[in-house]
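**Student:**
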Amino acid sequence: MLSGTLLDYIETLGQRLRGGNRPFGGLQLVFTGDFHQLPPVNDDYQEEHHHTAPYAFQAQCWDLCFEHQYALTRIYRQREQATLTVEMFIGANWNAIEKFTGSAITYIARDQPTLQRSMTKRLQCLFAILPAESVLNLKVGGPVMLLRNMPEHLTLVKHRRGEVRGFTTIEAWRSRGSIANFSSTELLPQKATTFRDLSDSNVKFPVVEFEAIGCHEAMTVLVTSQDWGVSTRSSRGSYRPVVGYRQQLPLQLGFAYTVRSIQGNSLKRAKINIQWAWEAGHAYTAFSCVTSIARLEVVPFVWSKIITDDAIAQWSRMLKVWQGIDNGTRDEDDAMQE
Numbered sequence: 001m002l003s004g005t006l007l008d009y010i011e012t013l014g015q016r017l018r019g020g021n022r023p024f025g026g027l028q029l030v031f032t033g034d035f036h037q038l039p040p041v042n043d044d045y046q047e048e049h050h051h052t053a054p055y056a057f058q059a060q061c062w063d064l065c066f067e068h069q070y071a072l073t074r075i076y077r078q079r080e081q082a083t084l085t086v087e088m089f090i091g092a093n094w095n096a097i098e099k100f101t102g103s104a105i106t107y108i109a110r111d112q113p114t115l116q117r118s119m120t121k122r123l124q125c126l127f128a129i130l131p132a133e134s135v136l137n138l139k140v141g142g143p144v145m146l147l148r149n150m151p152e153h154l155t156l157v158k159h160r161r162g163e164v165r166g167f168t169t170i171e172a173w174r175s176r177g178s179i180a181n182f183s184s185t186e187l188l189p190q191k192a193t194t195f196r197d198l199s200d201s202n203v204k205f206p207v208v209e210f211e212a213i214g215c216h217e218a219m220t221v222l223v224t225s226q227d228w229g230v231s232t233r234s235s236r237g238s239y240r241p242v243v244g245y246r247q248q249l250p251l252q253l254g255f256a257y258t259v260r261s262i263q264g265n266s267l268k269r270a271k272i273n274i275q276w277a278w279e280a281g282h283a284y285t286a287f288s289c290v291t292s293i294a295r296l297e298v299v300p301f302v303w304s305k306i307i308t309d310d311a312i313a314q315w316s317r318m319l320k321v322w323q324g325i326d327n328g329t330r331d332e333d334d335a336m337q338e
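According to full-length UniProt numbering, the sequence shown is numbered sequentially starting from 1.
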């Protein structure tokens, strides 16, 4: 989600780089979003000094950039007529993978301070909040989710979900080129194994089949380790040089998710716990990910946890409802009623 403050910065930058007074300096941009979902995470320095517009529609440039503003009311993700904390989800994932049959492959992250730095308690805390876990247990058939984009595969982006199909070395995968060139048993681990040095050529990495999403077909790839840098921030919010690196796979188990990590995804089924929801849009974001109300379970259901921001509600009431493009061919379903 883009904040109003950042939108103003980008719009001003576009004008300065391209000249003139047109919005964004004349650049053509496409914006899409849903303000009822989780709000953007604001910079600590901006919050402290009140230099922030939390939502994009509160940006100074908003009305200038978007002359025509409409509410889109047709739902595409859910087809039925009916309307609709980190430690905990890590624990749920671990419990779920333990119940899976088969041998587990464990990957131990390698945490390395930069030169002339020792592993201080503060640095340990920085490593602890990295998305990549210090210990990752995987089994064949277990669901996983990507924690960052994979540059070598443009469609494999952060939060895309998949399933572990087996394990093999980088050399074996390169020589075979595809999962189709392995026998049904070659990728299955013979025993539980723990890998501590992820740069070793003998490490067997997971072969993951990522599910189809949108116009992108399912894709099966070997997921190898990556480096994750950690840095501190100054009191003014700017980032200091990297003080350490963690080497680990860009995966997390996919039995349970936090709401923010699954935001924007489509889930065929879900059991959602909103008991500890505290932010406006928390519950709405979780509910809207599920494609079928028949496969949505909310435990426990707490009305007080379904929160929306008054600023969004007031702004939404000002919008006209989009009536569609009248080209003589639209049907009743395309025509929205105010």
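Even glycine gets a Cβ: it sits at the ideal position worked out from N, Cα and C.
Excluding the five sequence neighbours on either side, which residues of its own chain have a C-beta within less than 7 Å of the C-beta of L2, listed in chain order?
**Tutor:** Position 2 of the sequence shown, counted from the start, is the residue given in the question as residue 2. Taken in chain order, the residues that qualify are P40, A56.
**Student:** With respect to the alpha helix (DSSP H) encompassing residue 375, which residues constitute its N-terminal and C-terminal limits?
**Tutor:** Within the shown structure, residues of the chain are numbered from 1 to 338, placing residue 375 beyond reach of any answer.
**Student:** From the DSSP output, in three-state form, read off T224 for me.
**Tutor:** Position 224 of the sequence shown, counting from 1, holds the residue named residue 224. T224 falls in the coil class under three-state DSSP.
**Student:** Please list the terminal residues of the continuous beta strand (DSSP E) segment that includes E209.
**Tutor:** Counting from one through the sequence shown, the residue named residue 209 turns up at place 209. Residues 205-210.
**Student:** Return yes when the C-beta of E152 is under 7 Å from any heavy atom of the ligand HEM, and no when it is not.
**Tutor:** With respect to small molecules bound, the structure shown includes none, and the ligand HEM cannot be examined in it.
**Student:** Excluding the five sequence neighbours on either side, which residues of its own chain have a C-beta within less than 6 Å of the C-beta of P189, listed in chain order?
**Tutor:** Along the sequence shown, read from residue 1 onward, the residue named residue 189 stands at position 189. Hits under 6 Å: S103, I105, F167.
**Student:** Threshold first: 3 residues or longer. Then list the beta strand (DSSP E) segments lying entirely within the region 265-312, N to C.
**Tutor:** Within the region 265-312, the complete beta strand (DSSP E) runs of at least 3 residues are 270-272, 296-298.
**Student:** For R165 and V140, what's the separation of their Cα atoms in angstroms?
**Tutor:** Stepping through the sequence shown from its first residue, residue 165 is reached at position 165. Stepping through the sequence shown from its first residue, residue 140 is reached at position 140. When rounded, the distance between both Cα atoms is 5 Å.
**Student:** What separation, rounded to the nearest whole angstrom, lies between the Cα atoms of A82 and S292?
**Tutor:** For the purposes of this step, residue 82 is taken as residue 82 along the sequence shown, with counting starting at 1. For the purposes of this step, residue 292 is taken as residue 292 along the sequence shown, with counting starting at 1. Confidence in A82 is poor, its pLDDT being 45 and thus under 50, which makes the residue's placement unreliable; the coordinate value appears in the next sentence. The straight-line gap from Cα to Cα measures roughly 9 Å.
**Student:** Quick one: is H159 buried, meaning 16 or more other Cβ sit within 10 Å of its Cβ, or exposed?
**Tutor:** Position 159 of the sequence shown holds residue 159. So H159 counts as buried.
**Student:** Quick check: the region 276-283 against the region 239-254, are at least 3 beta-carbon pairs closer than 8 Å?
**Tutor:** Output reads no: the region 276-283 does not touch the region 239-254.
**Student:** So for P113, helix, strand or coil by DSSP?
**Tutor:** To locate residue 113, count along the sequence shown from 1; it is residue 113. Correct three-state label for P113: strand.
**Student:** Please return the same chain residues whose Cβ sits closer than 6 Å to the Cβ of P131, not counting the five positions on each side in sequence.
**Tutor:** The residue labelled residue 131 in the question sits at position 131 within the sequence shown. Cβ neighbours of P131 beyond the five flanking positions: L147.
**Student:** So, is F287 buried or exposed, given that buried needs 16 or more other C-beta atoms within 10 angstroms?
**Tutor:** What you label residue 287 is simply residue 287 of the sequence shown in a count that begins at 1. When all chains shown are included, F287 counts as buried.
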